[in-house]
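K.L.:
In short: position in the sequence shown from 1, add 3, done, that's our numbering. Every residue, glycine too, gets a C-beta built ideally from N, C-alpha and C.
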Amino acid sequence: MKVLVATEKPFAAVAVNGIREVIEGAGYELELLEKYSDKKEFLAAVATADGLIIRSDKVDSEVLDAARQLKVVVRAGAGYDNVDLASATAHGVCVENTPGQNSNAVAELVFGLAVMAVRNMYDGTSGSELKDKNIGIHAFGQVGRNVARIAKGFGMKVSALDPYCPDEAIVAAGVEPVHSVEELYRNNKIVSLHIPATDETRKSVGFDLITLLPKNGVLVNTARKEVIDEDGLAKALRERPDIKYVADIRPDNADALKEEFGNRVFFTPKKMGAQTSEANINAGIAAARQVVAFLRDGVDKFRVNK
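Below is the structure:
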């Protein structure tokens, strides 16, 4: 059987070596498709693959139609909205992610962005400190838990909202549970977004929520750009000149926001939360192990489709 690693943005060489060791050590063939510029290259390569490892590469119905032998896709990372889950299910393909492997990297970036925001983007003016400030975590998954851990090191007061996480688990992490999204935004100077992009969450964070932030509030988004109502964000920034928005995801209206609001907004040039050598290695090798576990033993512990 063959496992294809298709990465328009390649893994680091040390991660590829680790992936190769896992795949070939299990007796499978490994094929690499890196830095491809034409989807046709992907379609041709996936046609003979039994397993597929991707990063931000899109696996849609066209890819799945071409992948006649495909049994499992593993997205090396937590988010998986680049995979058409319904089509994968219809094709009998298991889709998995690698939760937790990038969590610390993303959480550290949250604080890189937050410190930059409260220090006025290092423009030479006097800013503020994070110590004793309130931080609200919007979704308490693996990244959110790491954000809480780091926030305590800064001496911050931490609360979290996650309807899918029991209060007991949040309290056990030393964090105060919050039970409404309005309460989360109203009571925290810093809000860190970690919700996935789903039908329920797309454009769910807009004017009404953002303007609930306390004076000099900062919204940090290392999740997905789709969860932001960009028109609502612009209106909130316009009506609340004390608010800042910093993100690991460049919004569609980034140029207009930057022109109007200057250093009150900041976006990384590309999604960089998982762009550390450690996260790159961890996610890649975890993906390889999960592909082998599925192909060899049918293990689907991290399946995200039905």
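#1: Just how far apart, CA to CA, sit N85 and G21?
#2: Looking at G220: is its Cβ nearer than 8 Å to the Cβ of I198?
#3: Among E37, I140, F157, A81, which has the Cα closest to the Cα of V307?
#4: Indicate the three-state DSSP secondary structure (helix, strand or coil) for E242 in the structure shown.
#5: Would you check if the distance between the CB atom of D303 and the CB atom of C97 is smaller than 8 Å?
#6: Residues bridged to F270 by DSSP?
#7: Could you check the C-alpha separation between E203 and E185 for me, to the nearest Å?
#8: Just grab the DSSP bridge partners of P180 for me.
#9: At which residues does the alpha helix (DSSP H) containing T92 begin and terminate?
#10: Below 8 Å between beta carbons: does that hold for V161 and I138?
#11: Per the DSSP calculation, I138 is bridged to which residue(s)?
#12: So R78 is in the beta strand (DSSP E); what residue range does that whole segment cover?
#13: Once you ignore the five residues that flank N191 on each side, which residues in its own chain have a CB closer than 7 Å to its CB?
#14: Could you please give me the residues that DSSP links to V8 through a beta bridge?
#15: How is the beta strand (DSSP E) around L46 delimited, first residue to last?
#16: Identify which residue in K38, D170, A176 has its Cα closest to the Cα of H182.
#17: Drop a sphere of 10 angstroms on the beta-carbon of A52, count the other beta-carbons inside from all chains shown, and report buried for 16 or more, exposed for fewer.
#18: For P166, is the classification buried or exposed, using 16 other Cβ atoms within 10 angstroms of its Cβ as the cut-off for buried?
#19: Mapping DSSP to helix, strand and coil, what is V313?
#20: Please check the pair G209 and L236, which I expect to be a contact at CB under 8 Å, by giving their CB distance rounded to whole angstroms.
P.N.:
On the basis of the data shown:
#1: 24 Å
#2: No, these two residues do not count as a Cβ contact at 8 Å.
#3: The residue from E37, I140, F157, A81 with its alpha-carbon nearest to that of V307 is A81.
#4: Residue state, collapsed to three classes: helix.
#5: yes
#6: A250
#7: 16 Å
#8: A163
#9: 88-93
#10: yes
#11: According to DSSP, I138 bridges with V161, I193.
#12: 75-78
#13: N137, I138, G139, S162
#14: In the DSSP output, where bridge partners are listed per residue, V8 has L35, I56.
#15: That residue, L46, is in no beta strand (DSSP E); its alpha helix (DSSP H) goes 42-49.
#16: Minimum Cα distance to H182 is reached at D170.
#17: By the Cβ-count criterion, A52 is buried, with 16 or more other Cβ atoms from all chains shown falling within 10 Å of its own Cβ.
#18: exposed
#19: Look at the range of the chain in this structure, 4 to 309, and you will see that residue 313 is not part of it.
#20: 7 Å
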